[in-house]
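Here's the structure, in structure tokens; my notes come after.
Chains as they are written, first to last, in the numbering used here: chain S, 1 to 136; chain W, 1001 to 1163.
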């Protein structure tokens, strides 16, 4: 599953929507131009760090707006730039649907992985470094 | 580096920009008593994609009203007329469907002089339903009255005030 995992390009689809423009190449390792602004918006208490709850709320809200038909899950066609293998890797129930729970579970592990100093929060620098991390 | 970390990194990138899609929906949205619905402040190249991302790109039918429970209660609720209530409900529906947390949707009734805002403050799922906590301000006679509540989305697309 190594290859599948390394090619999960949900970012491309999302960034395309976010910018509403041409597909600007949100390839792995590319930092979205507004990542800092997003970080600031997610940082509700303004302390310069995203704690687990702030991160979780941002994830839920992102899922909500991505789920246009409000079905409570995302399907591969809603993430057209993501490979099927990659989607399947996140879809632990293997039902062809990515639920909020599945996404949250995956992303909270990401949160932990990105939190290099293990203080339970993400700084912007940690987030950016993690996003920049090249995949294989 | 373990393989799991690699794909997680991609997922993190994804969620960052997915969340960004919601966040970038800035600008004050408003419901005027015309009865037009105006969406302002969405500028630049972001417009098409953001509206599509937030409002469903035509695929999401926005239900006509907020149902089940009083959107505006208390003294303020008693002082609102029918048109005020309709405008408030439209604003609420718009806020719940399209506004990122922290972004207010305003309504104004020029006839009564009453106005208000509805601001989602948190989004979550409960029993498979999307719910949004919100803050509401109703201004009557120049006096704002604040309240908080929670609305959950019903299968038919209408939002029910649950608290």
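Built from N, CA and C at the ideal position, the CB exists for glycine as well.
**Study point:** Residue nearest to residue 1129 of chain W in terms of C-alpha spacing, selected from W/1099, W/1155, W/1082, W/1101
**Key:** The shortest CA-to-CA distance from residue 1129 of chain W to any of W/1099, W/1155, W/1082, W/1101 is the one to W/1155.
Check your understanding: Out of curiosity, what's the CA-to-CA distance linking residue 1090 of chain W and residue 124 of chain S?
Key -> 37 Å
Check your understanding: Which of the three DSSP states, helix, strand or coil, is assigned to residue 104 of chain S?
Key -> helix
Point to revise | residue 1108 of chain W (DSSP reduced to helix, strand or coil) | key: strand
Check your understanding: Relative to the C-alpha of residue 120 of chain S, which residue among S/62, S/53, S/65, S/101 is closest?
Key -> S/53
Point to revise | Cβ neighbour criterion (16 or more within 10 Å) applied to residue 1163 of chain W | key: exposed
Point to revise | Environment of residue 66 of chain S [buried if 16+ CB atoms lie within 10 Å] | key: buried
Review point. Does the beta-carbon of residue 101 of chain S have 16 or more other beta-carbons within 10 angstroms, so that it is buried, or is it exposed?
Key: exposed
Review point. Checking contacts by CB at 9 Å: is residue 1119 of chain W closer than that to chain S?
Key: no
Exercise for review: Determine the contact status of residue 1157 of chain W and residue 36 of chain S, defining contact as a CB-CB distance below 9 Å.
Suggested key: no
Exercise for review: Taking only beta-carbon positions, decide if residue 1128 of chain W is within less than 9 Å of chain S.
Suggested key: yes
Check your understanding: Which value, in whole angstroms, describes the spacing of the CA atoms of residue 59 of chain S and residue 104 of chain S?
Key -> 7 Å
Review point. Mind checking residue 1114 of chain W: buried by the 16 CB within 10 Å criterion, or exposed?
Key: buried
**Study point:** residue 1135 of chain W, enclosing beta strand (DSSP E) - first and last residue
**Key:** 1129-1140
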